[in-house]
Ligand SMILES: *Cc1c(COP(=O)(O)O)cnc(C)c1O
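Residue numbers (UniProt numbering): 1 to 379.
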């Protein structure tokens, strides 16, 4: 056993930055000549934004993407000066500091565009923007009916030197190949319209991880990959990370806090949703829903101890849950892996997603603040 594991703390999310780097390099090789924006929003999907951003750039990411400006400023404050785009703005957002820090701005409305142009005047330099067209997701993005007027206004503001339209983008719904193709066509129509209005963007971008992998036409100039960077499959159809050439970066683990032999009929955890079917051994795992372990997965998920899978027994509680290890010789202090790289025998984040009727994205992103992150590199 790896000596690191013996010393593992009570509960811990280990993030393998070599996996992040390798995943980005792999994705970059697949999508080339398109470039890669590594999406590190939501604290890099729970993996730690600053170390992940550095590893992704080392792996060949050309740019970084986040949802909001606070996330972008945190990366700049850490000294990361790569191209960086933020696309989801507080209605009261102050764009002047963002422009001053070279943060590129996604634009989802004429009002945002005007606010950015005003802020550029204050900042004394042009705002670098990416206009987002809503091609069907109906979330943010400029409505198709407003697109012509917004691109015309953007061209005027560019002539004035107050903004530079560096990019045009949209986002796919992943509903079906047909619906995604319709969104691609709507996007290309929008690009053509913007060019007729006099804009000459450097980058057109549409695909996230799923599109980057399965929809080559959608790669365009740049792909915005998030979940693939973390080695979690985007599809939810049973495709594994290994089949995609990716390696899960996060391992969620803890150490067994108690071991108890129980008689047949013994109930365990709240509500006795589980009772021992025969004499067996229960091991107590010191992670619960406060740590992001979904209660929904009670009685359904599995963990790995020394590479062997065991089922969760009964309800997952706030701080802890039980595992039925049968006749296995486990001891207090042994390592329990909730999820990690299936190549080690561990369940994947997707397995936990299935057990909780959700997706691997949510499993890795919701790990709680009580769980320390440990970043490994160069191992
Ligand atoms: C989160 C996000 C992405 C990344 O999506 P993945 O499926 O994780 O690759 C890309 N673009 C936008 C606009 C996003 O919000």
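Using N, Cα and C, we set each Cβ at its ideal position, and we do this for glycine too.
Among the options, which one has its Cα closest to the Cα of residue i?
i, options, result
"residue 191", "277, 17, 132", "132"
"residue 272", "288, 343, 118, 315", "315"
"residue 66", "39, 91, 255, 51", "39"
"residue 286", "323, 157, 301", "323"
"residue 282", "320, 127, 114", "320"
"residue 402", "87, 227, 225, 336", "Examination of residue 402 is not possible in this model, given that the chain is present from 1 through 379 alone."
"residue 25", "51, 50, 62", "62"
"residue 161", "211, 199, 289", "199"
"residue 42", "376, 367, 377, 375", "367"
"residue 154", "269, 356, 184, 108", "108"
"residue 184", "134, 163, 143", "134"
"residue 30", "239, 325, 212, 258", "212"
"residue 385", "151, 77, 338", "Within the shown structure, residues of the chain are numbered from 1 to 379, placing residue 385 beyond reach of any answer."
"residue 137", "129, 167, 182", "182"
"residue 339", "269, 253, 318", "253"
"residue 317", "334, 268, 260", "268"
"residue 258", "288, 334, 278, 306", "334"
"residue 163", "119, 11, 142, 144", "119"
"residue 288", "121, 78, 270", "270"
Look at the alpha carbon of residue i and the alpha carbon of residue j, and state the distance between them as a whole number of angstroms.
i, j, result
"residue 201", "residue 53", "25 Å"
"residue 308", "residue 345", "6 Å"
"residue 380", "residue 332", "Coverage of the chain is limited to positions 1 through 379, which leaves residue 380 absent and any answer about it impossible."
"residue 80", "residue 299", "43 Å"
"residue 89", "residue 280", "54 Å"
"residue 6", "residue 330", "Confidence in residue 6 is poor, its pLDDT being 47 and thus under 50, which makes the residue's placement unreliable; the coordinate value appears in the next sentence. Whole-angstrom Cα-Cα distance: 14 Å."
"residue 15", "residue 146", "43 Å"
"residue 256", "residue 175", "42 Å"
"residue 293", "residue 313", "14 Å"
"residue 97", "residue 85", "14 Å"
"residue 362", "residue 284", "24 Å"
"residue 242", "residue 360", "15 Å"
"residue 2", "residue 377", "Residue placement at residue 2 is poorly supported in this model, since its pLDDT is 47, which falls under 50; the coordinates still yield a value, given next. Using only the alpha carbons, I get a separation of about 15 Å."
"residue 364", "residue 349", "7 Å"
"residue 9", "residue 325", "21 Å"
"residue 354", "residue 295", "13 Å"
"residue 148", "residue 158", "15 Å"
"residue 114", "residue 72", "21 Å"
"residue 76", "residue 374", "22 Å"
"residue 369", "residue 227", "20 Å"
"residue 11", "residue 277", "29 Å"
"residue 4", "residue 356", "Caution applies to residue 4, whose pLDDT of 48 falls short of 50 and renders its modelled position unreliable; the model cannot decide the point."
"residue 87", "residue 104", "9 Å"
"residue 156", "residue 358", "45 Å"
"residue 306", "residue 51", "29 Å"
"residue 142", "residue 121", "23 Å"
"residue 178", "residue 78", "42 Å"
"residue 144", "residue 125", "29 Å"
"residue 91", "residue 112", "8 Å"
"residue 275", "residue 260", "14 Å"
Does the beta-carbon distance from residue i to residue j come in below 9 Å?
i, j, result
"residue 189", "residue 204", "no"
"residue 223", "residue 35", "yes"
"residue 59", "residue 22", "yes"
"residue 44", "residue 69", "no"
"residue 301", "residue 233", "no"
"residue 194", "residue 172", "no"
"residue 310", "residue 328", "yes"
"residue 210", "residue 187", "no"
"residue 206", "residue 218", "yes"
"residue 106", "residue 140", "yes"
"residue 95", "residue 127", "yes"
"residue 225", "residue 167", "no"
"residue 83", "residue 240", "no"
Which whole-angstrom value is the C-beta distance of residue i and residue j, which I expect to be below 8 Å?
i, j, result
"residue 215", "residue 237", "The Cβ separation is near 15 Å, so there is no contact."
"residue 13", "residue 371", "5 Å"
"residue 229", "residue 56", "6 Å"
"residue 100", "residue 123", "5 Å"
"residue 297", "residue 352", "6 Å"
"residue 32", "residue 231", "About 20 Å separates the two Cβ atoms, so there is no contact after all."
"residue 37", "residue 64", "7 Å"
Would you verify that the beta carbon of residue i is, or is not, closer than 9 Å to some beta carbon of chain B?
i, result
"residue 208", "The structure shown contains no chain B; it is built from a single protein chain."
| query | Quick one: any contact between the stretch 231-247 and the stretch 258-269, if contact means 3 or more CB pairs under 8 Å? | reply | no
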